[in-house]
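J.:
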Amino acid sequence: MEKRSGESREVGLALSELGARWSLASTVRTRLLGWYAEHRRHLPWRSDDPEPYVVWVSEIMLQQTRVFAVLGYFQRWMEALPTVKDLAEADMELVNQLWSGLGYYRRARMLHEGAKFVVENFSGVIPDDVTALRSIPGVGEYTAGAIASIAFGRPEPAVDGNVTRVLSRLTAIEKFPKADLWATARSLVTDLEDGIHPGDVNQALFDLGATLCTPRAPTCDSCPLIKLCSVHQLALEKNVEDQTEFVTRFPSKKPKARVRDEILLVEVLHHHQTGDMLMVRRANQGLLGGLWEFPNVVVDGEEKDEKAISLAREMLRNNICEILVGSRADQIKYSGRVGTTTHIFSHIRQKLLVECGTWQVSSASFSSSVEDGLGYRWVKAEDVTSLAISNQMLKVFKLKISVNETGVDISEPVKPTKTKRRRKL
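Counting in this note's numbering, the sequence shown runs from 45 upward without gaps.
Here it is as structure tokens:
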């Protein structure tokens, strides 16, 4: 492996020096586009005359998210917010609602901020060069290159995870220095033959990486670039028994971030007269910013630590009383544990302990305080999923509903069943 890395590094230096004159660029491009013409993915954001806004929205949605998960969200988004001006003028509540369940919610917030920036600074017209595009909040090097090349035909590279993987294997460079990587990608979209659109080249690379040159199970025999692939050639020269496993070593994997465990106590609180559920809105900044959730608190202890659970429950009830100004903890009747569910963020593995209770007061306030995005509301069960809520809280809601549907009585605290001892004869 050490020797191969050294050989690969020499190739990387050569590519960096050659830049747009990379000798294989034209051949790679020709074979790649021939394959793309027949096997391209037909996606709703692709067209012969792509709109910059459409490309922008789709690229942001596709970041760290699979295509099949994006399809429905993209359609609903474009129906509700068809132009950059519509997005800029939209309330953040609607933006979060349209994004609800897609994850990585900061993307939605930055897309909203970016649209307002375009309206204020570019008269609502998305610019066509990467320098101006990168001045937009939330638009980085990759997104700027994708918009410029796909929507405006600019000879700009767009290097995402798929492209990095394809080029790493094509050149047998395990750890591709960023400058070399982008220089290699740029060589594929410059000095183009007549009739070739740089956006097609970039999208062909996207599709090849997503469908054939995949992270764990590449289909090398079907790849149009197999005869040009340095990793494939290296595997043949070394007479590697498991060629697929060998190919998957490229690019080298980054060490995964450590995931910490967390226990969350969640309260599904019903109003005793209406049956509506209390939901609160998170602050606009931070994880899951601006989304609605059931009141919850982190447990400072283990799941079986009854003292820690009791302290967390007391803290949670006090928090609820602060939200429902004028109420007291003794007005919240504990109904029992509904069950548990789990949720994993990129850096947190959560176990959610879901409990149920009722608010024992004569009347309920249905107004909402929205200072700094904070607030609360009483929500009917049938309206919960129409709010901007995360998959995390959707799991809590589904757990609560499933318990109700099975007919389990949680109107009183859950007590362990006592087993009668048999008398000795």
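By construction, the Cβ of each residue, glycine as well, lies at the ideal position given by its N, Cα and C atoms.
Everything numeric in this text was worked out from a predicted model, so none of it was measured.
Report the partner residues of Ile353 according to the DSSP bridge assignment.
T.: To locate residue 353, count along the sequence shown from 1; it is residue 309. DSSP, once it has assigned bridges, lists no residue as partnering Ile353.
J.: So if DSSP puts Leu396 in a beta bridge, which residue, or which two residues, is it bridged to?
T.: Your numbering for residue 396 matches position 352 in the sequence shown. Leu396 pairs with Leu308, Thr385.
J.: My output table needs one value for Val324: the three-state DSSP class, helix, strand or coil.
T.: Taking the sequence shown and counting its residues from 1, one reaches residue 324 at position 280. If DSSP states are grouped into helix, strand and coil, Val324 belongs with the strands.
J.: For Leu431, which residues from the same chain have a beta carbon less than 6 Å from its beta carbon, with the 5 sequence-adjacent residues on both sides left out?
T.: What you label residue 431 is simply residue 387 of the sequence shown in a count that begins at 1. Trp336, listed in sequence order.
J.: Keeping to the same chain, check which residues put their C-beta closer than 7 Å to that of Gly417; ignore five residues upstream and five downstream.
T.: Against the sequence shown, residue 417 aligns to sequence position 373. Confidence at Gly417 is low in this model, with a pLDDT of 49, below 50, so the placement of that residue should be treated as unreliable; the coordinate-derived value is given next. Cβ neighbours of Gly417 beyond the five flanking positions: Arg325, Ala327, Asn328, Gly334.
J.: Considering only C-alpha positions, which residue in the set Asn165, Phe166, Asp244, Leu214 is nearest to Pro201?
T.: Position 157 of the sequence shown, counting from 1, holds the residue named residue 201. Nearest C-alpha to Pro201: Asp244.
J.: Flag this pair as yes or no: are the beta carbons of Ile104 and Leu138 separated by less than 8 Å?
T.: Locating residue 104 in the sequence shown gives position 60, counting from the first residue. Locating residue 138 in the sequence shown gives position 94, counting from the first residue. Contact: no.
J.: State yes or no: is the C-beta of Val163 within less than 8 Å of the C-beta of Lys129?
T.: Position 119 of the sequence shown, counting from 1, holds the residue named residue 163. Position 85 of the sequence shown, counting from 1, holds the residue named residue 129. In contact: Val163 and Lys129 (Cβ atoms closer than 8 Å).
J.: Which word fits Ile388, buried or exposed, when buried means at least 16 other C-beta atoms lie within 10 angstroms of its C-beta?
T.: Position 344 of the sequence shown, counting from 1, holds the residue named residue 388. When all chains shown are included, Ile388 counts as exposed.
J.: For the ligand HEM, is there any heavy atom lying closer than 7 Å to the beta carbon of Val291?
T.: No copy of the ligand HEM appears in this structure; indeed no ligand is present at all.
J.: Going by DSSP, what residues sit across from Thr402 in a beta bridge?
T.: In the sequence shown, counting from the first residue as 1, residue 402 sits at position 358. Answer is His314, Lys377, bridged to Thr402.
J.: Using the beta-carbon count (16 or more within 10 Å), is Arg357 buried or exposed?
T.: In the sequence shown, residue 357 corresponds to position 313, counting from 1. Label assigned to Arg357: buried.
J.: Quick one: grab the DSSP three-state call for Gly419.
T.: Counting from 1 along the sequence shown, the entry for residue 419 is found at position 375. Strand, per DSSP.
J.: Have a look at Ser455 and Asn448 and give me their C-alpha separation to the nearest angstrom.
T.: Residue numbering aside, residue 455 sits at position 411 when the sequence shown is read from its first letter. Residue numbering aside, residue 448 sits at position 404 when the sequence shown is read from its first letter. Its pLDDT being 39, under 50, Ser455 is placed unreliably by the model, and the measurement read from it follows with that caveat. Going by the C-alpha atoms only, they are around 11 Å apart.
J.: What residues in its chain sit with their C-beta under 8 Å from that of Glu426, if we drop five residues either side in the sequence?
T.: For the purposes of this step, residue 426 is taken as residue 382 along the sequence shown, with counting starting at 1. Nothing listed; no residue qualifies.
J.: Under 7 Å Cβ to Cβ from Leu269, same chain only, skipping five residues before and after it: list those, please.
T.: By one-based count along the sequence shown, residue 269 stands at place 225. Here the set comprises Val72, Arg75, Leu76, Leu214.
J.: For the alpha helix (DSSP H) holding Val233, just list the boundary residues, first then last.
T.: Locating residue 233 in the sequence shown gives position 189, where the first residue counts as 1. In this chain, the alpha helix (DSSP H) harbouring Val233 covers 222–233.
J.: For the segment 234–282, list the alpha helix (DSSP H) runs that are entirely contained and at least 4 residues long, ordered along the chain.
T.: 242–255, 274–281
J.: Figure out for me which residue from Gly184, Gly147, Cys273, Leu115 has the closest Cα to the Cα of Leu438.
T.: Position 394 of the sequence shown, counting from 1, holds the residue named residue 438. Measuring from the Cα of Leu438, the nearest candidate turns out to be Gly147.
J.: Do you know offhand how far Asn246's Cα is from Ala159's?
T.: As a working mapping, residue 246 is identified with position 202 in the sequence shown. As a working mapping, residue 159 is identified with position 115 in the sequence shown. When rounded, the distance between both Cα atoms is 24 Å.
J.: Quick check on this structure: which residue in Met122, Tyr97, Ile194, Ala113 has the alpha carbon closest to the alpha carbon of Ile180?
T.: As a working note, residue 180 is residue 136 in the sequence shown. When each option's Cα is compared against that of Ile180, the closest is Tyr97.
J.: Kindly indicate which residue of Tyr80, Gly383, Ile367 has the alpha-carbon position closest to the one of Trp403.
T.: Along the sequence shown, one-based indexing puts residue 403 at 359. Checked all of Tyr80, Gly383, Ile367; the closest Cα to Trp403 is Ile367.
J.: Which same chain residues, not among the five before or five after Arg361, have their C-beta less than 6 Å away from its C-beta?
T.: What you label residue 361 is simply residue 317 of the sequence shown in a count that begins at 1. Correct list, in chain order: Ala373, Ile376.
J.: Once DSSP output is grouped into helix, strand and coil, what is the label at Val342?
T.: Counted from its first residue, the sequence shown places residue 342 at position 298. Val342 falls in the strand class under three-state DSSP.
J.: Pull up the DSSP beta-bridge partners for Trp121, would you.
T.: By one-based count along the sequence shown, residue 121 stands at place 77. Trp121 pairs with nothing; no bridge assigned.
J.: Relative to the C-alpha of Gly401, which candidate in Gly319, His391, Leu332 has its C-alpha closest?
T.: The residue labelled residue 401 in the question sits at position 357 within the sequence shown. Checked all of Gly319, His391, Leu332; the closest Cα to Gly401 is Gly319.
J.: Below 6 Å CB to CB, which residues in the same chain sit around Lys219 once its five sequence neighbours on both sides are set aside?
T.: Mapped onto the sequence shown, residue 219 falls at position 175. Ser296.
J.: Kindly indicate which three-state DSSP category Trp143 falls into: helix, strand or coil?
T.: Counting from one through the sequence shown, the residue named residue 143 turns up at place 99. In the structure shown, Trp143 sits in a helix (DSSP, three-state: H, G or I).
J.: With DSSP collapsed to three states, give me the class of Trp100.
T.: In the sequence shown, residue 100 corresponds to position 56, counting from 1. In the structure shown, Trp100 sits in a helix (DSSP, three-state: H, G or I).
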